[in-house]
């Protein structure tokens, strides 16, 4: 099973999704993220989906779930690098990603978390 | 072909290697990185290899090449998240990764680039 690494920089965790996520790796990512949030006291999670070209309801739900988990640890989630086609699919699927904010890129996402955007 | 995304945060580019790199994606990554360095004027490149479990001379050379490319753009390269087995293999292969610095994790790598470590 492939594992998505979580990078911690300052008070923010960075997750860059590049692999095709299967059920097992999604569960692992959510578990790893919860542990990192609990262990580090991070205040923000930036999820980069630049490499994600296709989404389905499974991925959409995963993103929403990550947002919910983060909130339980008092952390905000920002989704960055969304491709236009992905945005259209998420809308068509009716996934509003409540509780997850978005930004154009990692830099703007970080600014959003730091309250300067 | 899968593409490795490059995240820019401040003056630093972050590259997280998660996919099995083939010749083509390595060429693409080097090209993307050169373009980002030229376009953004970034001073540092952090390459996260937490997800890399096995290295061979091909990957080793790629890391050294990225270091050399970055230097041409006046940027320093820091390799972070190396697994013990990977370190042993790189040593056994006789790859010294000249010009590439290492740090335990992304946070320490960033501190290294910012001169505070």
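Chains as they are written, first to last, in this note's numbering: chain A, 7 to 123; chain B, 7 to 123. Just so you know, even glycine gets a beta-carbon here, dropped at the ideal spot from N, CA and C. These numbers come from a predicted model, not from an experiment.
For residue 44 (chain B), the enclosing alpha helix (DSSP H) has its first and last residue at 29-46. The C-beta separation of residue 52 (chain B) from residue 24 (chain A) comes to about 16 Å, leaving the pair out of contact by the 8 Å criterion. Residue 92 (chain A) carries a helical assignment under DSSP once its states are collapsed to helix, strand and coil. Between residue 70 (chain A) and residue 104 (chain A), the C-beta spacing is below 8 Å. The alpha carbon of residue 111 (chain A) has as its nearest neighbour, out of A:33, A:92, A:86, the alpha carbon of A:86.
For the stretch 52-70 of chain B, the residues whose beta carbon sits under 8 Å from a beta carbon of chain A are, in order, 54, 56, 57.
Per the coordinates, the alpha-carbon of residue 95 (chain A) lies some 11 Å from the alpha-carbon of residue 88 (chain A). Contact check for residue 43 (chain B) and residue 79 (chain B): beta-carbon distance about 4 Å, within the 8 Å limit, so the pair qualifies.
Contact annotation: residue 92 (chain B) and residue 68 (chain B) have beta-carbon atoms that are not nearer than 8 Å. Per DSSP, reduced to three states, the secondary structure at residue 109 (chain A) is strand. Contacts with chain B at 8 Å (Cβ-Cβ) include residue 22 (chain A).
Taking 9 Å as the upper bound on Cβ-Cβ separation, chain B lies near residues 86, 87 of the stretch 67-99 of chain A. For residue 90 (chain B), the number of other beta carbons within 10 angstroms of its own is below 16, and it is reported as exposed. The beta-carbon separation of residue 72 (chain A) and residue 39 (chain A), rounded to 6 Å, stays under the 8 Å limit for a contact. The Cβ-Cβ distance between residue 18 (chain B) and residue 116 (chain B) falls below 8 Å.
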